[in-house]
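Numbering (the numbering used here), first residue to last: 10 to 190.
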């Protein structure tokens with residue numbers, strides 16, 4: 010149900026079939042990437058530093074905020090809101106919203122999720138055209154994720170980005186969409 014889709018899946022052990030299928034995945038490209046391996050090696054100190062320490066120190070030093078307020082608002086509350094925004098893609102965006110590309114599937118376009126999860130709420134598009142890197146036909150409009158991927162492309166960190174042709178998107182909207190856009 011809704012709770013399981015939102016956060017419950019984190020509270021249970023992975024099904025044995027999921028673990029077994031996971032063993033067959035090829036991660037050699039990730040293991041060969043020095044930046045990915047650097048992040049993997051230093052994950053915990055990086056996460057603690059940038060998720061809790063920096064958001065606590067900046068308000069204290071630059072705005073004279075109390076340590077208590079800085080820690081609980083800028084670090085803990087921000088982290089909890091960010092987690093719930095991310096999880097809302099699996100719950101809210103699979104339950105409520107418009108379905109302009111395929112009305113037969115659960116994923117929907119949910120503006121609240123789009124705004125809170127920096128563009129990931131264009132979920133009907135994402136599930137209808139899973140190979141499209143932008144997850145939306147609107148490019149960068151309300152989609153910070155696409156802006157970030159485009160920046161990484163210009164820096165040489167992203168490549169082979171696939172985009173669904175506009176005519177294919179329009180044909181699919183007419184054929185299976187709910188007429189909402």
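Ideal Cβ positions, reconstructed from N, Cα and C, are used throughout, including at glycine.
| query | result |
| --- | --- |
| DSSP bridge partner residues for residue 118 (one or two, in chain order) | 107 and 131 |
| Top-ranked residue by Cα proximity to residue 93, from 129, 69, 187 and 43 | 129 |
| Nonlocal neighbours in the same chain, by C-beta distance under 6 Å from residue 190, ignoring five residues either side | 109 |
| CA-to-CA distance, residue 137 to residue 157, given in whole angstroms | 22 Å |
| DSSP state of residue 15 mapped onto helix, strand, coil | helix |
| Spatial distance of residue 182 from residue 140 (CA atoms) | 17 Å |
| The alpha helix (DSSP H) enclosing residue 44, as first and last residue numbers | 43-50 |
| Status (buried if at least 16 other CB within 10 Å, exposed otherwise) for residue 146 | buried |
| Residue span of the alpha helix (DSSP H) that contains residue 184, given as start and end | 175-185 |
| Rounded separation between residue 164 and residue 171 - CA only | 17 Å |
| Residue 16 to residue 96 span [Cα, whole Å] | 7 Å |
| Alpha-carbon to alpha-carbon, residue 90 and residue 21 | 22 Å |
| Alpha-carbon to alpha-carbon, residue 84 and residue 58 | 11 Å |
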